[in-house]
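Engineer:
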Amino acid sequence: MKHEVLGHCPVCQDRLMVKTLKCNSCQTEIQGEFTLSQFNYLPKDLLHFAEVFLKNRGNIKEIEKELGVSYPTVRRMLDETIKSLGFVTSELKTRKDVLDQLENGEISVEVANDLLKKITD
């Protein structure tokens, strides 16, 4: 049974690393420490949003229609996806900014945790 690659540990939520790659055809195995794409670390809801965003070529009206959400929700999800992918925008410069956004429900705990790890106050 094949499973989707997990980006985060189900116990502590830290990022997971791939240790083995295997060819299904010849059974060759390569061992090491392999990093995953930033997309593998997105929460499922943001990965789905990114797929819908790309499918609709960024057309906000089409995204609103497909997801059944409002314009502000699409903008929030886009901002959260951008931040989750590691592109810290200039609006988040301090730990306080991140914590304020978390408190206001603008970003998830997971995104806040990732951002706080990247900020060096």
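Here the sequence shown stands for residues 213 to 333, where the numbers follow my numbering.
Cβ coordinates follow ideal geometry from the N, Cα and C atoms, glycine included.
Because the structure is a prediction, the values reported are computed rather than measured.
1. Could you tell me if I272 is buried or exposed, where buried requires 16 or more neighbouring beta carbons within 10 angstroms of its beta carbon?
2. So, helix, strand or coil for F265, using DSSP?
3. N252 to F265, Cα distance in whole Å?
4. Please name the residue in C224, G244 and C238 whose C-alpha comes closest to that of T232.
5. Should L254 go down as buried or exposed, given a rule of 16 or more other Cβ atoms within 10 Å for buried?
6. Whole angstroms is fine: what's the gap from C235's alpha carbon to E241's?
7. Which partner residues does H158 have in the DSSP bridge list?
8. Are the segment 285-293 and the segment 315-324 in contact at 8 Å, needing three or more beta carbon pairs?
9. If you measure between the beta carbons of V223 and F246, is that distance less than 8 Å?
10. Going straight from the alpha carbon of F270 to that of Q250, what length do you get?
11. Can you tell me which of the three DSSP states Q239 falls into?
Structural biologist: Per the coordinate set shown:
1. To locate residue 272, count along the sequence shown from 1; it is residue 60. I272 is exposed by the Cβ-count criterion.
2. As a working note, residue 265 is residue 53 in the sequence shown. F265: helix per DSSP, three-state reduction.
3. Your numbering for residue 252 matches position 40 in the sequence shown. Your numbering for residue 265 matches position 53 in the sequence shown. A direct Cα-Cα distance of roughly 17 Å separates N252 from F265.
4. For the purposes of this step, residue 232 is taken as residue 20 along the sequence shown, with counting starting at 1. Of C224, G244 and C238, the residue nearest in Cα terms is G244.
5. Mapped onto the sequence shown, residue 254 falls at position 42. Its Cβ being crowded by 16 or more others within 10 Å, L254 is buried.
6. Translated into the one-based positions of the sequence shown, residue 235 becomes position 23. Translated into the one-based positions of the sequence shown, residue 241 becomes position 29. Approximately 7 Å, taken between the alpha carbons.
7. Nothing about residue 158 can be reported from this structure: the residues present for the chain run from 213 to 333 only.
8. Touching, yes.
9. Within the sequence shown, numbered from 1, the residue matching residue 223 stands at position 11. Within the sequence shown, numbered from 1, the residue matching residue 246 stands at position 34. No Cβ-Cβ contact shorter than 8 Å links V223 with F246.
10. The count along the sequence shown starts at 1 and reaches residue 270 at position 58. The count along the sequence shown starts at 1 and reaches residue 250 at position 38. It is Gly, not Phe, that sits at residue 270 in the sequence shown. For G270 and Q250, the distance between alpha carbons rounds to 19 Å.
11. What you label residue 239 is simply residue 27 of the sequence shown in a count that begins at 1. DSSP places Q239 in coil when its eight states are reduced to three.
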